[in-house]
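Beneath this line is the structure, given in structure tokens, with notes to follow.
Number of protein chains: 2
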Amino acid sequence: MSLSIPSPADFHVHLRQGALSTLVTPHVRAGGFRLAYVMPNLKPPVTTTDQALAYKSELEKIDPEIEYLMTLYLCPELTPDEIRKAKAAGIVGVKSYPRGVTTNSEGGIESYEVYYPVFEAMQEVDMVLNLHGEVPSDPSTNTCVLNAEPKFLTHLIKLHRDFPKLRIVLEHATTRSAVDAVKALGPTVACTITAHHLALTVDDWAGQAWNFCKPVAKYPDDREALREVIKQGHPKFFLGSDSAPHPPETKSTCTPTHACAAGVYTSPILLPLVAHLLESFGALDKLENFVSGFGRAFYGRPITKETESRVVLKKVSGKKVADRWALGQESVVPFWAGKELDWEIVH
Amino acid sequence: MSLSIPSPADFHVHLRQGALSTLVTPHVRAGGFRLAYVMPNLKPPVTTTDQALAYKSELEKIDPEIEYLMTLYLCPELTPDEIRKAKAAGIVGVKSYPRGVTTNSEGGIESYEVYYPVFEAMQEVDMVLNLHGEVPSDPSTNTCVLNAEPKFLTHLIKLHRDFPKLRIVLEHATTRSAVDAVKALGPTVACTITAHHLALTVDDWAGQAWNFCKPVAKYPDDREALREVIKQGHPKFFLGSDSAPHPPETKSTCTPTHACAAGVYTSPILLPLVAHLLESFGALDKLENFVSGFGRAFYGRPITKETESRVVLKKVSGKKVADRWALGQESVVPFWAGKELDWEIVH
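If you're matching them up, the sequences are chains A and B in order. Here our numbering runs 2 ahead of the position in the first sequence, where the first position is 1. Here our numbering runs 2 ahead of the position in the second sequence, where the first position is 1.
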């Protein structure tokens with residue numbers, strides 16, 4: 003049994019910088035993908051058109067066969083003029099991180115109102131707003147990593163109301179509330195879902211940092227909601243892996259004063275993993291739209307003669323996921339290391 | 003400023019066996035306590051009177067100045083006759099672990115009905131039933147570590163209804179639901195609260211295995227409920243530390259296929275830690291009853307001439323918690339290693 007998928011597109015991926023980038027960027031293609039929607043949370047964050055173009059050219063040097071869609075990091079320095087410049091330069095989106103909730107988000111936003119002139123310009127030139135949909139934890143309001151996403155949804159709803167034509171993507175949804183909210187909003191609002199959130203619940207990251215990421219995986223019923231909406235073939239929901247490499251020692255080891263890094267790395271196995279998971283809950287027939295059609299449609303990135311490249315998967319019986327990928331001093335450990343997948347890419 | 007506490011009693015502690023026991027048992031006294039209610043989840047578990055007495059005598063060899071109250075591990079081999087024998091030998095309680103939810107609980111219970119003859123005998127001779135109040139995770143019923151305790155409460159309520167005179171302790175409560183349920187039940191039902199659950203929420207163990215224990219710390223509002231009931235000076239709620247030592251490498255490090263050990267170790271700093279925490283939420287005036295009076299009253303263990311031993315705490319400004327305690331090859335890392343406490347024991 004085999005499946006041929008046209009030009010799979012990962013609408014949320016972290017390709018990092020420096021030596022780590024050299025290791026992980028080729029994993030986009032190795033994992034079966036031809037398009038990477040690239041996150042801007044570098045050190046320093048990508049906040050200008052020039053930075054984004056320079057970053058894109060670095061990535062193209064590493065692997066020129068991938069279509070990189072670039073993003074800017076929402077921050078007070080970002081102006082409506084810069085938005086217009088970015089749009090003209092082919093930059094696709096602006097990513098918003100609430101302050102302090104994930105890797106390199108220390109410069110993230112605290113309130114959206116101050117960004118309304120920027121959003122106005124984005125709406126005008128049709129750039130996409132990518133939302134990390136969590137509010138910061140606050141014990142005084144009973145806010146913690148478990149309800150940070152549901153509590154963010156009022157912001158999403160308000161942004162959509164105030165900018166109905168602005169295309170907004172709620173990134174890496176993890177809760178039934180988020181799925182329901184996105185379904186209820188207009189056609190300019192979509193949602194990415196990661197591979198790992200289709201597999202994990204809170205039990206899987208309790209004491210197991212390799213499965214720990216932000217947003218954290220939630221209740222079984224939340225996972226079920228993500229699976230259901232894919233099974234339904236709902237066109238607003240498509241893959242964004244949020245594949246996030248970290249040096250293995252920052253994942254494996256914590257001290258009493260230093261926690262493990264948040265992030266799950268799926269790039270090198272992404273398409274087989276997604277096929278495996280979708281098959282496990284009876285949604286294999288939705289694979290093509292989930293990993294290519296729906297996201298490309300929302301972003302207005304149809305497959306062209308130039309970007310057409312079919313990826314063939316074949317059914318296998320239990321192919322083991324490698325324990326580690328390495329290049330020079332750098333290495334990364336993938337999600338499901340040592341476990342088995344029932345699909346592999348035909349080369 | 004100083005406080006004098008009469009014979010503090012820890013109504014839930016893991017003293018382990020072998021070399022680790024030799025290291026940690028003296029920490030009961032070092033942490034300011036004079037009574038230890040000892041958990042039976044050894045390898046193999048303590049399921050007979052003879053085992054419990056042998057274990058007690060090992061502990062007394064290590065530190066004879068502690069009053070050890072012994073427990074049996076609820077399992078199919080336990081008979082009403084053994085209960086009567088245990089009672090006659092001075093054994094105080096029987097601990098029930100749901101199967102597979104925490105350290106060495108693989109032999110735990112799946113259903114309570116089969117134990118009714120045992121509970122009948124316990125009620126008759128007045129032994130205490132100690133409940134690890136979590137149901138096993140089951141994605142098909144949306145059960146996970148976050149709601150395993152609320153979902154257990156129906157079992158608690160039924161057991162109390164069926165055995166109204168049986169003294170039952172819901173151990174290490176972590177949720178508002180559990181606090182409310184215990185409050186609503188009759189005077190034979192009480193509840194222990196750990197020190198660390200007064201400090202932690204889910205955010206603290208996300209990616210930080212040193213704060214990971216079972217039951218996991220929950221929402222800020224759940225922590226608030228634990229704090230509130232102590233502030234109220236409610237006599238059904240008293241300290242059981244659930245202090246659980248593990249080899250440091252099993253806490254600090256996980257591989258993709260092997261999670262970190264669940265357990266937080268508080269014994270060597272317990273009384274100063276509890277004083278520090280109670281003071282932080284305005285409940286220092288409840289310290290004596292929380293760590294001595296209420297638990298002793300429920301268990302019928304008043305302080306006698308023989309067991310009277312006042313422990314004096316003094317207020318200090320920021321005493322650092324040691325990074326590690328060691329003896330020979332064994333070592334343990336305490337909760338809050340490297341952080342500061344505002345109270346210390348006067349020796």
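Cβ atoms here follow ideal geometry from the backbone N, Cα and C, with glycine treated the same way. Just so it is clear, the structure is predicted and the values come from calculations on it, not from any experiment.
Taking all protein chains in view, the Cβ of Tyr118/A is surrounded by fewer than 16 other Cβ atoms within 10 Å, so the residue is classified as exposed.
Residue pairing by DSSP places Ser6/B opposite Val314/B in a beta bridge. A straight-line Cα-Cα distance of about 6 Å links Val137/A and Pro100/A. Below 8 Å, too few C-beta pairs join the stretch 44-63 of chain B and the stretch 262-275 of chain B to call them touching: fewer than three. Spatial neighbours of Ile85/A in its own chain (CB-CB distance under 7 Å, excluding positions within 5 residues in sequence) are listed in chain order as Val120, Ala123, Met124, Val127, Met129.
By the neighbour-count criterion, in which 16 or more other beta carbons inside 10 Å mark a residue as buried, Thr81/A falls on the exposed side.
Put simply, the CB of Asp223/A is near chain B, with a gap under 9 Å to one of its CB atoms. With fewer than 16 other Cβ atoms from the protein chains shown falling within 10 Å of its own Cβ, Leu329/A counts as exposed.
In the DSSP annotation of this structure, the continuous segment of the alpha helix (DSSP H) that includes Val120/B starts and ends at 118-127. Between Trp327/B and chain A, the shortest Cβ-Cβ separation is not below 9 Å. Ala192/B places its beta carbon 9 Å or farther from that of Phe292/B. DSSP places Thr51/B in the uninterrupted alpha helix (DSSP H) bounded by 51-64. When DSSP states are grouped into helix, strand and coil, Asn144/B belongs to the coil group. Residues Asp12, Phe13, His14, Val15, Tyr39, Val171, Glu173, His174, Thr194, Ile195, Thr196, Gly297 of the same chain have their beta carbon placed closer than 8 Å to that of Gly242/B, with the five preceding and five following residues left out of the count. Short of 7 Å from the beta carbon of Pro166/B, and not among the five residues preceding or following it, lie these beta carbons of its own chain, in chain order: Gly188, Thr190. Under the Cβ criterion (8 Å, minimum of three pairs), the stretch 87-94 of chain A counts as touching the stretch 50-57 of chain A. Think of a sphere of 7 Å around the beta carbon of Ser254/A: the chain B residues whose beta carbon falls inside it are Thr255, Cys256, Thr257, in chain order. DSSP places Pro100/A within a strand segment (E or B) once states are collapsed to three. Counting other Cβ atoms within 10 Å of its Cβ, Thr259/A stays below 16 and is therefore classed as exposed. Judged by their CB atoms, Asn43/A and Tyr75/A are nearer to each other than the 9 Å cut-off. Listed along chain A is no residue with a C-beta nearer than 7 Å to that of Val137/B; the closest approach is about 13 Å. In the DSSP assignment, Ala192/A falls within the beta strand (DSSP E) that extends over 191-195. According to the DSSP secondary-structure assignment, Val218/B is paired through a beta bridge with no residue. Counting C-beta pairs with one atom in each stretch, the stretch 20-39 of chain A and the stretch 199-213 of chain A have fewer than three that are closer than 8 Å, which means they do not touch. Assigned with DSSP and collapsed to three states, Asn43/B falls in coil, not helix or strand. Not flagged as an interface residue toward chain A: Thr268/B, since no C-beta distance is shorter than 9 Å.
A residue is called buried once 16 or more other Cβ atoms fall within 10 Å of its Cβ, and Lys238/B is buried on that count. The C-alpha of Pro274/B lies about 12 Å from the C-alpha of Arg31/B. In the DSSP assignment, Asp244/B falls outside any alpha helix (DSSP H), carrying neither H nor E. Closest in alpha carbon position to Phe214/B, among Gly320/B, Ala261/B, Pro222/B, Lys233/B, is Ala261/B.
Comparing alpha carbon positions, the residue from Arg326/B, Leu131/B, Pro249/B, Gln19/B closest to Lys45/B is Gln19/B.
Taking the CA atoms as reference points, Glu290/B sits about 10 Å from Val276/B.
Distance from the CA atom of His198/A to the CA atom of Val218/A, rounded to whole angstroms, is 10 Å. The residues Asp223, Asp224, Ala227, in chain order, have a CB closer than 7 Å to that of Arg178/A in the same chain once the five nearest residues on each side in sequence are set aside. Boundaries of the beta strand (DSSP E) harbouring Thr73/B: 73-75, taken from the DSSP string.
Residue state for Ala201/B is assigned as coil, using DSSP reduced to three classes.
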